[in-house]
DNA sequence: TTGCTTGCAAATGATTTGCACTGCT
DNA sequence: AGCAGTGCAAATCATTTGCAAGCAA
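Chains as they are written, first to last, in the numbering used here: chain A, 731 to 886; chain B, 731 to 886.
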């Protein structure tokens with residue numbers, strides 16, 4: 731059993747607990763289950779998917795806990811065309827990344843751009859935003875396409 | 731009265747009508763009103779906003795028409811955190827652009843990157859996607875921040 | 001105890017759909 | 001006539017919320 735499969739690293743839990751503590755919220759077993767699921771899956775997941783991992787957790791509690799975790803800055807909610815929203819660990823608990831979204835099956839995976847590209851992109855986006863009177867805080871890039879399982883005619 | 735305020739350009743209407751025709755759908759007055767509103771506002775709008783422009787159009791009809799127009803490739807639906815989805819003209823009826831989103835008031839505006847940056851970005855994104863086994867079709871960049879009206883401490 | 005958490009059931013609200021009617025073609 | 005389009009009212013469904021009970025400090 732890998733460290734990840736065993737549960738998220740102690741460091742991750744410490745950070746999440748800290749952020750919850752700052753808001754007088756407890757780091758309960760349910761919330762740990764959720765964070766563990768994110769750490770194990772390592773990709774944005776929907777609430778139904780999350781529930782299959784966090785056995786025994788009520789749907790409403792999952793929604794409530796995700797809201798608390800999002801509020802505390804430990805989780806981020808993503809909205810794409812899918813029926814359900816996707817949730818993932820906050821970027822500062824992982825690393826700055828973007829998303830690859832399969833237009834066929836809805837799968838979402840993380841990707842990172844090279845630091846060089848990311849840096850020049852950052853500057854460019856800041857420039858454009860400022861020119862429009864916006865004070866930029868962050869950005870997101872989504873690449874849509876077909877994942878390996880959904881490309882037409884895979885088998886020989 | 732400008733050409734835009736007078737109604738979208740004849741060319742735009744011709745293209746939309748053509749796409750609807752290909753799917754055996756009519757380009758009715760209601761649909762024209764919707765397209766006109768997009769052309770005049772020139773930014774992604776929510777359904778409630780659209781209804782204030784398309785006087786007399788029933789909410790359900792607006793939703794249905796937008797679905798038809800999206801299906802025909804004339805309109806694109808955007809999902810962000812807001813209560814309502816945003817709609818805009820399809821990119822190939824306007825031009826490739828990205829979005830500036832105000833985290834405070836939800837306003838969304840279009841921006842374009844320089845063609846040089848856009849081109850190198852395109853290549854880079856294609857490369858990353860392919861390396862992950864994805865066959866990319868398109869991409870979207872969202873810059874979040876505060877619009878001029880929402881930056882803290884504006885008045886002197 | 002006090003108050004954060006939780007599960008269950010009921011409520012909410014954007015979006016969708018059933019149906020009967022109007023209006024092109 | 002025949003069928004796409006429309007308005008109205010009712011239905012859907014992800015997400016949220018009220019409430020009573022459980023649990024940790």
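We treat Cβ as the ideally placed atom computed from N, Cα and C, and that holds for glycine.
Since we're looking at a predicted model, the values are computed, not measured.
Check: Does DSSP put residue 832/A in a helix, a strand or coil?
Finding: Of the three classes helix, strand and coil, the one that applies to residue 832/A here is strand, per DSSP.
Note to self: So, under 8 Å CB-CB, residue 810/A and residue 809/B are touching, yes? Tell me the CB distance rounded to an integer number of Å.
What the structure shows: Contact flag correct, Cβ pair sits at about 6 Å.
Check: If contact means a Cβ-Cβ distance below 9 Å, which residues of the segment 864 to 877 of chain A contact chain B?
Finding: Cβ contacts with chain B: 864, 865, 866, 867, 868, 869, 870, 871, 872, 873, 874, 875, 876, 877.
Check: If you draw a straight line from the alpha carbon of residue 867/A to that of residue 860/A, how long is it in whole angstroms?
Finding: Our two residues, residue 867/A and residue 860/A, have alpha carbons roughly 11 Å apart in a direct line.
Notebook entry, point to check: Can you name the start and end residues of the beta strand (DSSP E) that residue 840/B belongs to?
Noted result: Under the DSSP assignment, residue 840/B falls in the beta strand (DSSP E) whose first and last residues are 838 to 841.
Check: Would a check of beta-carbon distances place residue 764/B closer than 8 Å to chain A?
Finding: Interface with chain A (8 Å Cβ-Cβ cutoff): residue 764/B is excluded.
Next item on the list: Measuring alpha carbon to alpha carbon, tell me which of 840/B, 880/B, 829/B ends up nearest residue 869/A.
Entry: Measuring from the Cα of residue 869/A, the nearest candidate turns out to be 829/B.
Margin query: Residues in the same chain with beta-carbon distance under 7 Å from residue 734/B, minus the five sequence neighbours each way, listed in chain order, please.
Written below: With a pLDDT of 46 at residue 734/B, under the threshold of 50, the modelled position of that residue is not reliable, and the figure given next carries that caveat. Its chain contains 769, 770 as the residues whose beta carbon lies nearer than 7 Å to that of residue 734/B, once the 5 sequence neighbours on both sides are disregarded; these appear in chain order.
Next item on the list: Please compile the residues from chain B whose C-beta is within a distance smaller than 7 Å of the C-beta of residue 834/A.
Entry: The premise fails here: residue 834/A is roughly 10 Å from chain B at the closest Cβ pair, so nothing lies under 7 Å.
Check: How is residue 816/A classed by DSSP in three states: helix, strand or coil?
Finding: Taken through DSSP and simplified to helix, strand or coil, residue 816/A comes out as strand.
Item checked: Within chain B, the residues that residue 859/A reaches when beta carbons sit closer than 7 Å -> Result: 830, 873, 875.
Notebook entry, point to check: Does residue 839/B have its Cβ less than 8 Å from a Cβ in chain A?
Noted result: Yes, because at least one Cβ of chain A sits closer than 8 Å to the Cβ of residue 839/B.
Next item on the list: Following the continuous beta strand (DSSP E) through residue 824/B, name the residue where it begins and the one where it ends.
Entry: In the DSSP assignment, residue 824/B falls outside any beta strand (DSSP E), carrying neither H nor E.
Checklist line | One or two residues paired with residue 875/B in a DSSP bridge | finding: Looking at the DSSP assignment, residue 875/B forms a beta bridge with 866/A, 832/B.
Check: Closest to residue 762/B by CA distance: which of 855/B, 853/B, 798/B is it?
Finding: The shortest C-alpha to C-alpha distance from residue 762/B to any of 855/B, 853/B, 798/B is the one to 798/B.
Check: Just the Cα atoms here: how many angstroms apart are residue 788/A and residue 836/B?
Finding: So the two alpha carbons sit approximately 32 Å from each other.
Check: Using a Cβ-Cβ cut-off of 6 Å (strictly less than) and excluding sequence neighbours within five positions of residue 839/B, which residues of its own chain qualify?
Finding: Taking C-beta separations shorter than 6 Å and ignoring five residues to either side along the sequence, the partners of residue 839/B in its chain run 773, 830, following chain order.
Note to self: Rounded to whole angstroms, what is the Cα-Cα separation between residue 795/A and residue 834/A?
What the structure shows: Rounded to the nearest angstrom, the two C-alpha atoms are 30 Å apart.
Checklist line | When 844/B, 744/B, 821/B, 817/B are compared against residue 854/A, the one with the closest alpha-carbon | finding: It is 844/B whose Cα lies nearest to the Cα of residue 854/A.
Notebook entry, point to check: Quick one: what does DSSP say residue 805/A is sitting in, helix, strand or coil?
Noted result: Taken through DSSP and simplified to helix, strand or coil, residue 805/A comes out as strand.
Checklist line | Coarse secondary structure for residue 944/A, derived from DSSP in three states | finding: Any question about residue 944/A goes unanswered here, given that chain A covers just 731 to 886.
Notebook entry, point to check: What's the C-alpha gap between residue 821/A and residue 790/A?
Noted result: Between residue 821/A and residue 790/A, the C-alpha separation is close to 25 Å.
Notebook entry, point to check: Quick one: does residue 819/A have its CB under 8 Å from some CB of chain B?
Noted result: In terms of beta-carbon proximity, residue 819/A stays away from the interface with chain B, with every pair separated by 8 Å or more.
Margin query: For residue 917/B, count the other beta carbons within 10 Å of its own beta carbon; 16 or more makes it buried, fewer makes it exposed. Which is it?
Written below: Outside the modelled stretch of chain B, which goes from 731 to 886, sits residue 917/B, for which no answer is possible.
Item checked: Minimum Cβ-Cβ distance from residue 881/B to chain A less than 8 Å -> Yes - at least one Cβ of chain A is within 8 Å of the one on residue 881/B.
Next item on the list: Output the boundary residues of the alpha helix (DSSP H) element that contains residue 743/B.
Entry: Element bounds for residue 743/B: 740 to 752.
Notebook entry, point to check: Who are the near neighbours of residue 781/A in its chain, counting only those whose CB is closer than 7 Å to its CB and skipping five residues on each side?
Noted result: So the list reads 787, 789, 792, once near-sequence residues are dropped.
Check: Which residues mark the beginning and the end of the alpha helix (DSSP H) in which residue 846/B is found?
Finding: Segment 845 to 861, the alpha helix (DSSP H) holding residue 846/B.
Notebook entry, point to check: Using the beta-carbon of each residue, which ones in chain A are nearer than 9 Å to residue 802/B?
Noted result: Listed by position along chain A, the residues whose Cβ is nearer than 9 Å to that of residue 802/B form an empty set, because the closest Cβ is around 17 Å away.
Next item on the list: For residue 862/A, go through chain B and note every residue whose CB falls closer than 7 Å to its CB, in chain order.
Entry: The answer, in chain order, is 830, 839, 841.
Note to self: Determine whether the beta carbon atoms of residue 756/A and residue 750/A lie at a separation below 8 Å.
What the structure shows: Contact flag set, yes.
Item checked: Interface flag, residue 827/A vs chain B, CB-CB below 8 Å -> Judged by the 8 Å Cβ criterion, residue 827/A is not in contact with chain B.
Next item on the list: Note down the Cα distance separating residue 842/A from residue 764/A, rounded to an integer number of angstroms.
Entry: C-alpha of residue 842/A to C-alpha of residue 764/A: approximately 24 Å in a straight line.
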